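Asker: One structure, as structure tokens, below. Some questions next.
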Amino acid sequence: MPELPEVAYQKIYIDSTSLHKKIVDVQLGADKIFQSPKKDFKEVLLGNEVVGSHQIGKYLLLKLEQNDYLVIHFGMTGKMDYFNHDEIHKHAQLTLSFEDGSKLSFICPRKFGKLFLTGSLEDFRKQQKLGPHATEVSEEQFLELFEKKKGSVKTALMDQSFIAGLGNLYVDEMLFHSGIHPKSKAENLSKKEISKMYRDMMDVLDTVTRCKTEGTKIPDTYLQPHRIKGEVCPNGKGKVEMIKVGGRSTYFCPECQKEK
DNA sequence: AGCTATGTTGGGCG
DNA sequence: TCGCCCAACATAGC
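The opening position of the first sequence corresponds to residue 178 in this note's numbering, with each subsequent residue numbered one higher.
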């Protein structure tokens, strides 16, 4: 559940189920998830309530009524589960029980997720070295960021200290729409290409976020449904290839995306 | 059985 | 110091 659009969905999910409910019990899972002593989580959360939420990139910060934020990073497989029954999910790493008998769990099978406590949004942003939230970047800012960026464009876009929120899937997606090869060097891109990338980034994030929240399918004109080696690309021009960039599986169309 | 997976971090190398 | 590559983490699904 991890890139900006999925986290945006988790934000709505929490906002619509779990706000302003007094936490009467707290259950904690695997040690490695917790970035402060586990007893601190228990102390802070018990008797408290979530009153709002804020997203920075792939992080979701839940504002608690009494001080502090509970911060969630979903790793590769994290998601929230709000429920009304007794059995707790096998992979629940944090379960809040509310006064009304309902519960909210952070489910994280691969345990790549993380939970933090922090007193301030800005401190947290600095500690994690997070760049600006992708959908809040202006075109001028985007162009400016690329002026001093080197290395492959895909690695640049995945760098959370550069821009926060993009990951493997949607970087491939936006580069496909922009017709830019993922191994192209950031320093070789023209202003025009960077502007095109900016618009495609915004389009992709907006469209995918709407698909996630409305429960609709990703458009067939997108690369994602064709993210299979040898599949014909959505433009009907080439066959999808898979290479490694920055250690991640990277799907692209060699006809639509020429390296520079 | 073996390969793949929406993420992050740390080490080694040139 | 940078850019790049790889391995590690832990589990599920094809």
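Beta carbons are placed, not taken as given, at the ideal position from N, Cα and C, and that holds for glycine. Keep in mind it's a predicted model, so treat the numbers as computed, not measured.
Within the segment 178 to 216, note down every full beta strand (DSSP E) run reaching 3 residues or more, in order along the chain.
Answerer: Fully enclosed beta strand (DSSP E) runs of 3 or longer: 200 to 205.
Asker: Determine whether the beta carbon atoms of G255 and F283 lie at a separation below 8 Å.
Answerer: Yes, the Cβ-Cβ distance between G255 and F283 is below 8 Å.
Asker: Under 8 Å, do L320 and S355 count as touching if we go by C-beta distance?
Answerer: Not closer than 8 Å, so no.
Asker: Provide the residue span of the alpha helix (DSSP H) that contains M374, from first to last.
Answerer: Run containing M374: 368 to 391, per the alpha helix (DSSP H) assignment.
Asker: Roughly how many whole angstroms lie between the Cα atoms of R287 and K209?
Answerer: Approximately 11 Å, taken between the alpha carbons.
Asker: Can you name, in chain order, every residue of its own chain whose Cβ lies under 8 Å from the Cβ of N261, other than the five neighbours on each side?
Answerer: Around N261: G278, S279, K280.
Asker: Curious, which full-length alpha helix (DSSP H) runs of at least 4 residues does the segment 296 to 367 contain?
Answerer: Listed in chain order, the complete alpha helix (DSSP H) runs (minimum 4 residues) inside the segment 296 to 367 are 298 to 304, 316 to 324, 330 to 335, 345 to 355.
Asker: Counting along the chain, where does the beta strand (DSSP E) carrying H250 start and finish?
Answerer: Here the beta strand (DSSP E) through H250 covers 246 to 250.
Asker: On a CA-only basis, which of Y259, D258, G234 is nearest V248? Give me that one, please.
Answerer: Nearest C-alpha to V248: G234.
Asker: Based on Cα-Cα distance, which residue from G342, R376, D192 lies nearest to G252?
Answerer: Among G342, R376, D192, the Cα nearest to that of G252 is on G342.
Asker: In angstroms with no decimal places, state the Cα-to-Cα distance between G328 and E364.
Answerer: Whole-angstrom Cα-Cα distance: 7 Å.
Asker: Ignoring anything shorter than 3 residues, give me the beta strand (DSSP E) runs that lie fully in the segment 221 to 285, in order along the chain.
Answerer: Listed in chain order, the complete beta strand (DSSP E) runs (minimum 3 residues) inside the segment 221 to 285 are 227 to 233, 236 to 241, 246 to 250, 256 to 260, 269 to 275, 280 to 284.
Asker: Considering just the uninterrupted stretch of the beta strand (DSSP E) at V422, what are its terminal residues?
Answerer: Counting along the chain, the beta strand (DSSP E) containing V422 begins and ends at 418 to 422.
Asker: With 16 as the cutoff for other CB atoms within 10 Å, does A207 come out buried or exposed?
Answerer: That one is exposed.
Asker: Among the candidates L382, C388, K362, G413, whose CA atom is the shortest distance from the CA of V314?
Answerer: Among L382, C388, K362, G413, the Cα nearest to that of V314 is on L382.
Asker: Near A333, what residues of its chain come up, given a Cβ to Cβ distance below 7 Å and the 5 sequence neighbours on each side ignored?
Answerer: Only K326, F339, A363 meet the Cβ criterion.
Asker: For S150 and G296, what's the separation of their Cα atoms in angstroms?
Answerer: Nothing in the structure corresponds to residue 150, since the chain is present only between 178 and 437.
Asker: Thinking L366 and V330 are a contact (beta carbons under 8 Å), I'd like their distance in whole angstroms, please.
Answerer: The pair is a contact, with the Cβ atoms about 7 Å apart (cut-off 8 Å).
Asker: Under 8 Å, do V228 and L196 count as touching if we go by C-beta distance?
Answerer: Going by C-beta atoms, V228 is nearer than 8 Å to L196.
Asker: Take the Cβ of E299 as the centre, count every other Cβ of all protein chains shown within 10 Å, and call the residue buried at 16 or more, exposed below.
Answerer: Label assigned to E299: exposed.
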